[in-house]
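Our numbering puts the sequence shown at residues 130 to 229. Glycine residues also receive a C-beta, built at the ideal position from the N, C-alpha and C atoms. Since the structure is predicted, the reported quantities are computational estimates derived from the model, not experimental observations. Some notes on the structure that comes next.
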Amino acid sequence: MKTQLLALALSLIAAPCFATQVIDLDSLAAETGLSTREVAMVLGPHSAFTEYRASYDHVRRQFRNAIGRTRYDTLIAAWNAQQQGRNLVVRAAAQPEHGT
Numbered sequence: 130m131k132t133q134l135l136a137l138a139l140s141l142i143a144a145p146c147f148a149t150q151v152i153d154l155d156s157l158a159a160e161t162g163l164s165t166r167e168v169a170m171v172l173g174p175h176s177a178f179t180e181y182r183a184s185y186d187h188v189r190r191q192f193r194n195a196i197g198r199t200r201y202d203t204l205i206a207a208w209n210a211q212q213q214g215r216n217l218v219v220r221a222a223a224q225p226e227h228g229t
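This is the structure we're talking about:
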């Protein structure tokens, strides 16, 4: 567990040195079975969406189950950095996770 967290932290720190990758909401939507709007609600400022109160918890759970907890945490961190104007590279390719 500590090794995974350390690897994640190091990849987030070292990543800006290599390149910039934009998070593609459309591909995440296709992968998770959600709409692009629902993916944007989960990753971004959820209270900006009118359906937030009724469906956020369900949509977030479905999104996290579809991509795995570690990848979910990485995408949230990358999305927040991207919104703050920082460039991060995220290995967001679909990878099966064991034990999530």
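Span of the alpha helix (DSSP H) around residue i
i    : result
E180 : Segment: none, E180 is in no alpha helix (DSSP H) and carries neither H nor E.
V171 : 165–172
Q211 : 198–212
Reduced DSSP secondary structure (H/G/I, E/B, other) of residue i
i    : result
S156 : helix
Q191 : helix
Status (buried if at least 16 other CB within 10 Å, exposed otherwise) for residue i
i    : result
A207 : buried
E167 : buried
T179 : exposed
Straight-line gap, residue i to residue j (C-alpha atoms, nearest Å)
i    : j    : result
R189 : S176 : 13 Å
Q213 : V171 : 17 Å
Q191 : A158 : 11 Å
Q211 : S156 : 17 Å
R182 : N209 : 21 Å
Beta-carbon proximity list for residue i, same chain, < 7 Å, skipping 5 on both sides
i    : result
S164 : A158
6 Å CB neighbourhood of residue i in its chain, flanking five on each side removed
i    : result
R193 : Y201
Sequence-distant residues of its chain with Cβ nearer than 8 Å to residue i (five each side left out)
i    : result
T161 : V168, Q191, F192, A195, I196
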